[in-house]
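What follows is one structure encoded as structure tokens, with my remarks underneath.
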Amino acid sequence: MIHEANHVRPSPDGLKVGGHQASSASVVSILTALYFRWLRAGDLVAIKPHASPAYHAVQYLLGNLDASMLPRLREFGGLQSYPSRTKDPDPVDFSTGSMGLGAVAPMFAALADRYLRLHFHDTIAGQPERRFVALVGDGELDEGNVWEAILEEGLGDLGNVTMVVDLNRQSLDRVVPGIRIRRVEGMFAAAGWHALEAKYGRRLQARFAMPGGDALRERIDDMENEEYQILIRRPGAEARTRLLEGAVAARRDDLAGNVEDVPDDALPGLLADLGGHDQAELERVLRASDAELARPTVIFAYTIKGWRLPFAGDSLNHSALLGLEQVEALGLALDADSEDPWAGFPLASPEGRLAARRRRDLGYGTARPTTSPATAPVIAVPDIRIAAASSTQQAFGDTLAALARDPELGRRIVTAAPDVAVSTNLGGWINRAGVFSARRSPDRDDVKRPLVWEPGPAGRHIELGISEMNLFLWLSQFGLAGELFGERLAPIGSVYDPFIARGLDALIYALYVQSRFVLVGTPSGVTLAPEGGAHQSTVTPSLGIELPGLRGYEPTFGREVVWSLLEGIRGCLAPEDGFATYLRLATRPIDQSLAAPVEARLGLEGWRAAVLAGGYRLLEAADALEPLPPGSPVVQVVAAGSIVPEAVEAVRRLHHEEIAANLIVVTSAERLAGEQHAGRLDAVRHGGRNEIGHLATIIPPGERRAPLVTVADAASHALSFVGGAFGAPVVPLGVDTFGQSGTIPDLYRYAGIDADHIVEAAILALELEAH
Numbered sequence: 044m045i046h047e048a049n050h051v052r053p054s055p056d057g058l059k060v061g062g063h064q065a066s067s068a069s070v071v072s073i074l075t076a077l078y079f080r081w082l083r084a085g086d087l088v089a090i091k092p093h094a095s096p097a098y099h100a101v102q103y104l105l106g107n108l109d110a111s112m113l114p115r116l117r118e119f120g121g122l123q124s125y126p127s128r129t130k131d132p133d134p135v136d137f138s139t140g141s142m143g144l145g146a147v148a149p150m151f152a153a154l155a156d157r158y159l160r161l162h163f164h165d166t167i168a169g170q171p172e173r174r175f176v177a178l179v180g181d182g183e184l185d186e187g188n189v190w191e192a193i194l195e196e197g198l199g200d201l202g203n204v205t206m207v208v209d210l211n212r213q214s215l216d217r218v219v220p221g222i223r224i225r226r227v228e229g230m231f232a233a234a235g236w237h238a239l240e241a242k243y244g245r246r247l248q249a250r251f252a253m254p255g256g257d258a259l260r261e262r263i264d265d266m267e268n269e270e271y272q273i274l275i276r277r278p279g280a281e282a283r284t285r286l287l288e289g290a291v292a293a294r295r296d297d298l299a300g301n302v303e304d305v306p307d308d309a310l311p312g313l314l315a316d317l318g319g320h321d322q323a324e325l326e327r328v329l330r331a332s333d334a335e336l337a338r339p340t341v342i343f344a345y346t347i348k349g350w351r352l353p354f355a356g357d358s359l360n361h362s363a364l365l366g367l368e369q370v371e372a373l374g375l376a377l378d379a380d381s382e383d384p385w386a387g388f389p390l391a392s393p394e395g396r397l398a399a400r401r402r403r404d405l406g407y408g409t410a411r412p413t414t415s416p417a418t419a420p421v422i423a424v425p426d427i428r429i430a431a432a433s434s435t436q437q438a439f440g441d442t443l444a445a446l447a448r449d450p451e452l453g454r455r456i457v458t459a460a461p462d463v464a465v466s467t468n469l470g471g472w473i474n475r476a477g478v479f480s481a482r483r484s485p486d487r488d489d490v491k492r493p494l495v496w497e498p499g500p501a502g503r504h505i506e507l508g509i510s511e512m513n514l515f516l517w518l519s520q521f522g523l524a525g526e527l528f529g530e531r532l533a534p535i536g537s538v539y540d541p542f543i544a545r546g547l548d549a550l551i552y553a554l555y556v557q558s559r560f561v562l563v564g565t566p567s568g569v570t571l572a573p574e575g576g577a578h579q580s581t582v583t584p585s586l587g588i589e590l591p592g593l594r595g596y597e598p599t600f601g602r603e604v605v606w607s608l609l610e611g612i613r614g615c616l617a618p619e620d621g622f623a624t625y626l627r628l629a630t631r632p633i634d635q636s637l638a639a640p641v642e643a644r645l646g647l648e649g650w651r652a653a654v655l656a657g658g659y660r661l662l663e664a665a666d667a668l669e670p671l672p673p674g675s676p677v678v679q680v681v682a683a684g685s686i687v688p689e690a691v692e693a694v695r696r697l698h699h700e701e702i703a704a705n706l707i708v709v710t711s712a713e714r715l716a717g718e719q720h721a722g723r724l725d726a727v728r729h730g731g732r733n734e735i736g737h738l739a740t741i742i743p744p745g746e747r748r749a750p751l752v753t754v755a756d757a758a759s760h761a762l763s764f765v766g767g768a769f770g771a772p773v774v775p776l777g778v779d780t781f782g783q784s785g786t787i788p789d790l791y792r793y794a795g796i797d798a799d800h801i802v803e804a805a806i807l808a809l810e811l812e813a814h
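For what it's worth, the working numbering labels the leading residue of the sequence shown as 44, then goes sequentially.
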């Protein structure tokens with residue numbers, strides 16, 4: 044496949060395609076042991092990203108990939124460079140590619156499996172007990188998120204998790220120096236994991252059992268990685284000299300005697316006989332992992348990067364490619380059909396019969412269980428009391444607490460937070476839904492507290508440690524519960540909005556795998572005034588617009604929170620048109636009476652529809668307290684979220700100055716920007732009408748050349764696209780500097796988003812229009 048992609052398939056630009064031949068060769072033995080010896084139906088596996096070609100070859104042999112796809116590695120519409128559960132045609136359980144994320148995704152999937160077996164026992168009980176496997180490169184263990192997951196307390200007793208480390212001691216650019224694996228093994232042990240090794244193959248083990256074998260083992264065990272990699276690549280006589288010269292003097296004679304009868308040309312191969320390429324040794328450690336039921340297992344499978352290839356063990360083999368003559372020589376060595384290099388094993392051959400049996404054993408070709416709920420649920424708006432002055436964060440907590448009473452919808456909602464459940468207002472939900480743990484743990488506090496913290500199997504909140512990466516990986520796998528296990532959940536994760544950036548790679552991963560969830564970022568912006576610049580977010584609204592598959596809402600009023608949260612839950616549970624949702628909330632109490640004009644104009648249902656579509660007109664120039672003179676200059680003030688009260692004040696002051704200002708409240712910049720972009724492209728590409736979606740409703744034709752001021756507690760460009768919709772002058776206001784501690788008025792004034800600055804910007808916008 045890799046040779047075809049790089050040397051046979053025409054390349055329009057002549058660029059190298061790649062494909063990681065050395066990395067694939069490194070794990071081919073492990074994949075063989077997994078898929079042809081150990082795995083069983085229901086097991087879910089994450090494949091090392093650089094092993095993608097080898098994995099597709101396995102799936103071809105098992106009958107899950109048509110031969111026509113084999114020449115299409117890294118081709119548009121073909122086999123992906125890294126395993127993708129959404130884009131590859133053969134079954135992929137976990138997408139991998141951003142290093143370290145796929146390595147630990149099975150751990151969070153195993154937690155979802157446990158949760159479902161305790162909460163949906165009636166439908167899940169009949170499914171086979173699963174094992175969750177991660178095949179990872181040793182270089183992936185450099186990624187910090189791997190250790191954040193390994194240290195996560197709630198994952199530490201998942202005995203059905205096995206991580207197999209392809210220990211070839213090489214990264215992209217080098218041989219990893221020293222003997223680092225001993226330190227890594229100690230880190231796993233300190234985290235409570237069960238550690239196993241497939242270090243040496245049977246030939247070396249037999250040699251160790253002979254006189255002087257302990258000297259040979261000591262020599263190899265104590266050898267640094269760089270020396271070992273050089274040794275196995277040297278001609279036999281030189282390898283022997285290096286092997287003996289590097290030994291401790293007192294053991295040199297024993298070592299020499301042990302390998303004396305090994306011919307020079309066989310010595311490098313003997314020294315390279317590692318357990319990660321020995322099927323019996325691999326099967327032994329895999330079976331041993333099954334015996335450990337109380338904690339996860341890590342298996343260190345020692346391998347050679349580029350095994351059986353001319354550049355095996357070479358420090359620069361990561362991107363190396365075989366030439367045509369080398370490919371032909373490899374084919375001869377493997378007894379491949381030179382006339383049909385894509386041919387699988389004959390069905391009647393021992394290998395063909397094994398593949399057919401393993402296909403049955405693994406459950407391939409059997410129907411997947413139906414997914415529940417089969418139809419989109421009808422979600423009733425809960426009856427909650429919204430205070431006269433209420434924050435969006437408070438409304439979020441109150442809504443969730445009310446939904447906990449719903450027997451059907453409530454059981455599908457599960458929440459998580461990285462040690463910020465209380466400060467993101469999940470307390471009411473937790474008191475009613477409980478905290479999840481596989482074993483009941485009573486609250487031992489002898490003082491009665493407002494928050495009931497008694498973990499047990501019936502709980503529906505999962506408290507994580509302080510790791511945003513873990514939160515987003517949790518969302519990614521719980522949001523795939525329907526696809527993986529047959530029961531859809533509505534996972535809701537809350538996190539301080541500024542720290543979304545801490546876990547951004549994992550959030551992108553969750554969206555890439557098309558997971559469905561609700562992410563609540565709260566508190567947000569410089570509205571979190573006393574906390575200072577380190578806790579004040581500015582770029583997150585842009586992420587809400589730009590990330591594919593994420594529907595973003597920034598509500599202002601309590602009712603808007605209810606509606607957008609319910610829409611997000613619907614997106615999690617709908618069979619067809621599912622999506623992920625991001626709610627950006629704040630702790631600032633907002634006077635709910637400010638919403639009276641839109642409620643009076645549209646009614647509750649019309650207001651709700653406008654909120655979900657992206658926004659509405661809150662104040663009209665025609666409704667100014669004092670009638671405006673005919674011909675008054677028109678300006679649009681466009682605001683979002685917690686800054687709306689300042690925008691209301693500014694618009695009323697502009698009315699006093701006889702400026703016909705309208706106030707447009709944006710509840711979803713993502714919805715407005717997405718519809719505008721899609722409509723314009725459709726008009727250009729397909730000759731359709733120049734539709735721009737809901738923006739056309741918010742700004743009628745007669746006002747579309749009026750100048751605009753956009754204002755948000757976010758980077759100033761977050762809403763500036765609105766002006767581009769009609770080519771009108773726009774003055775964008777926002778937070779374009781790091782904040783500091785203070786009061787909300789202090790910070791709004793400092794950032795230039797208070798009422799004074801909005802009025803000033805409106806006058807500037809009118810001057811721009813005049814010129």
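We put the beta carbon where it would ideally sit given N, CA and C, even for glycine.
| task | Check each candidate in Glu506, Leu247 and Ile535 and name the one with the smallest Cα separation from Ser519. | result | Indexing the sequence shown from 1 puts residue 519 at position 476. Of the candidates Glu506, Leu247 and Ile535, the one whose C-alpha sits nearest the C-alpha of Ser519 is Ile535.
Hey, out of Leu58, Arg402 and Gly279, whose CA is closest to Leu314's CA?
Counting from one through the sequence shown, the residue named residue 314 turns up at place 271. Here the closest residue by C-alpha is Gly279.
Query - Residue interval of the alpha helix (DSSP H) (run including Asn188) - result: Mapped onto the sequence shown, residue 188 falls at position 145. Per DSSP, Asn188 belongs to the alpha helix (DSSP H) from Gly187 to Ile193.
Requested in this report: Hey, could you find the ends of the alpha helix (DSSP H) Gly453 is sitting in?
Outcome: As a first step, residue 453 is located in the sequence shown; it is residue number 410 there, counting from the start. That run of the alpha helix (DSSP H) goes Leu452 to Arg455.
ask   = Mind pulling the alpha helix (DSSP H) runs of 4 or more residues that sit fully within the stretch 706-743?
value = 712-729 and 738-741
Open item on the list: Please state the DSSP three-state secondary structure of Glu530.
Closed with: Translated into the one-based positions of the sequence shown, residue 530 becomes position 487. Reduced to three states, the DSSP call for Glu530 is strand.
Per DSSP, what kind of secondary structure is Asp216 in: helix, strand or coil? The count along the sequence shown starts at 1 and reaches residue 216 at position 173. Unreliable placement is indicated for Asp216, whose pLDDT of 49 sits below 50; no coordinate value is reported for it.
| request: Would you check if the distance between the CB atom of Phe175 and the CB atom of Pro149 is smaller than 7 Å? | output: Looking up residue 175 in the sequence shown gives position 132. Looking up residue 149 in the sequence shown gives position 106. Closer than 7 Å, so yes.
At least one CB of chain C closer than 7 Å to the CB of Ser433: is that the case?
The chain labelled as chain C is not found in the depicted structure, where only one protein chain is given.
Does Asp304 come out as helix, strand or coil in the three-state DSSP assignment? Locating residue 304 in the sequence shown gives position 261, where the first residue counts as 1. Coil at Asp304, not helix or strand.
- Query: Hey, out of Arg455, Gly470 and Arg128, whose CA is closest to Leu159's CA?
  - Reply: Against the sequence shown, residue 159 aligns to sequence position 116. Of Arg455, Gly470 and Arg128, the residue nearest in Cα terms is Arg455.
At the level of alpha carbons, what is the spacing between Gly408 and His737?
Locating residue 408 in the sequence shown gives position 365, where the first residue counts as 1. Locating residue 737 in the sequence shown gives position 694, where the first residue counts as 1. Straight-line spacing of the CA atoms in Gly408 and His737 works out to 45 Å.
Taking the C-alpha atoms as reference points, what is the distance between Gly785 and Val752? Numbered from its first residue, the sequence shown carries residue 785 at position 742. Numbered from its first residue, the sequence shown carries residue 752 at position 709. For Gly785 and Val752, the distance between alpha carbons rounds to 26 Å.
Ignore the nearest five residues each way along the sequence and tell me which others in Pro788's own chain have a CB closer than 8 Å to its CB. Along the sequence shown, one-based indexing puts residue 788 at 745. Asp797.
Buried or exposed for Trp517, going by 16 or more other Cβ atoms inside 10 Å?
Sequence index remark: in the sequence shown, residue 517 carries index 474 (1-based). Buried, since its Cβ has 16 or more Cβ neighbours within 10 Å.
Three-way DSSP call (helix, strand, coil) for Ala344 in this model = Against the sequence shown, residue 344 aligns to sequence position 301. If DSSP states are grouped into helix, strand and coil, Ala344 belongs with the strands.
query = What distance in whole Å lies between the Cβ atoms of Phe528 and Asp156, which are believed to be in contact at a cut-off of 8 Å?
reply = Translated into the one-based positions of the sequence shown, residue 156 becomes position 113. Translated into the one-based positions of the sequence shown, residue 528 becomes position 485. Yes, they are in contact, since the Cβ atoms of Asp156 and Phe528 sit about 6 Å apart, within 8 Å.
Check your understanding: Pick from Ala379, Val694, Leu161 and Gly62: whose alpha carbon is nearest that of Ile707?
Key -> Along the sequence shown, read from residue 1 onward, the residue named residue 707 stands at position 664. It is Val694.
Q) Quick one: Cα of Arg295 to Cα of Leu161, how far? A) Numbered from its first residue, the sequence shown carries residue 295 at position 252. Numbered from its first residue, the sequence shown carries residue 161 at position 118. Near 60 Å, if we compare the C-alpha coordinates of Leu161 and Arg295.
Query - Beta-carbon spacing of Asp316, Gly256 below 7 Å - result: If you number the sequence shown from 1, residue 316 lands on position 273. If you number the sequence shown from 1, residue 256 lands on position 213. No. Outside cutoff.
**Prompt:** Roughly how many angstroms lie between the CA atoms of Ala804 and Ser675, to the nearest whole one?
**Reply:** Taking the first residue of the sequence shown as 1, we reach residue 804 at position 761. Taking the first residue of the sequence shown as 1, we reach residue 675 at position 632. If I take the Cα positions, the gap works out to 17 Å.
When we look at the beta-carbon of Asp216 and count the other beta-carbons within 10 Å, is it buried (16 or more) or exposed? Residue numbering aside, residue 216 sits at position 173 when the sequence shown is read from its first letter. Unreliable positioning characterises Asp216 in this predicted model, as indicated by a pLDDT of 49, which lies under 50. The coordinate reading is nonetheless provided below. The residue in question, Asp216, is exposed, as its Cβ has fewer than 16 Cβ neighbours within 10 Å.
field: Option in Asn360, Gly312 and Trp236 with minimal Cα separation from Glu335
entry: In the sequence shown, counting from the first residue as 1, residue 335 sits at position 292. Checking every option, the nearest Cα to that of Glu335 belongs to Trp236.
Inset, instruction - Look at the Cβ atom of Leu274, then the Cβ atom of Asn301, and state whether they are nearer than 7 Å. - result: Within the sequence shown, residue 274 is the residue found at index 231, counting from 1. Within the sequence shown, residue 301 is the residue found at index 258, counting from 1. Not a contact, by the Cβ cut-off of 7 Å.
Item to check | Backbone secondary structure at Met206 - three-state DSSP | outcome: For this step, residue 206 is matched to residue 163 along the sequence shown. Residue state, collapsed to three classes: strand.
- Query: Residues in its own chain within less than 7 Å of Gly374 by CB, not counting five upstream and five downstream?
  - Reply: As a first step, residue 374 is located in the sequence shown; it is residue number 331 there, counting from the start. Closer than 7 Å at the Cβ level, and outside the excluded window around Gly374, lie Ser381 and Pro384.
### Query
Quick one: is Lys59 buried, meaning 16 or more other Cβ sit within 10 Å of its Cβ, or exposed?
Against the sequence shown, residue 59 aligns to sequence position 16. Lys59 comes out exposed.
Strictly by DSSP, which residues pair up with Ile535?
As a position in the sequence shown, residue 535 is number 492, starting the count at 1. According to DSSP, which records beta bridges pairwise, Ile535 is partnered with Thr458 and Val561.
Give a yes or no on contact between the stretch 638-658 and the stretch 550-559, applying the rule of three or more CB pairs nearer than 8 Å. no
Handout entry: Straight-line Cα distance separating Val341 from Gly722
Key = As a position in the sequence shown, residue 722 is number 679, starting the count at 1. As a position in the sequence shown, residue 341 is number 298, starting the count at 1. Whole-angstrom Cα-Cα distance: 51 Å.
According to the Cβ coordinates, are Arg627 and Glu597 closer than 7 Å? Walking along the sequence shown from the start, residue 627 turns up at place 584. Walking along the sequence shown from the start, residue 597 turns up at place 554. The answer is yes: Cβ separation under 7 Å.
If I'm right that Thr710 touches Gly657 with Cβ under 8 Å, what's the distance once you round it to whole angstroms?
If you number the sequence shown from 1, residue 710 lands on position 667. If you number the sequence shown from 1, residue 657 lands on position 614. Contact holds; Cβ gap of about 6 Å.
Is it a yes or a no for the stretch 571-579 touching the stretch 608-619, going by three-plus beta-carbon pairs under 8 Å? no
Which partner residues does His504 have in the DSSP bridge list?
To locate residue 504, count along the sequence shown from 1; it is residue 461. Looking at the DSSP assignment, His504 forms a beta bridge with Thr458 and Val478.
In terms of DSSP beta bridges, what is Ala678 paired with? For the purposes of this step, residue 678 is identified with residue 635 of the sequence shown, where counting begins at 1. In the sequence as displayed, the identity of residue 678 is Val instead of Ala. In DSSP, Val678 forms a bridge with Ala704.
Taking contact to mean 3 or more Cβ pairs, one atom from each stretch, closer than 8 Å, check whether the stretch 385-396 and the stretch 56-75 are in contact. no
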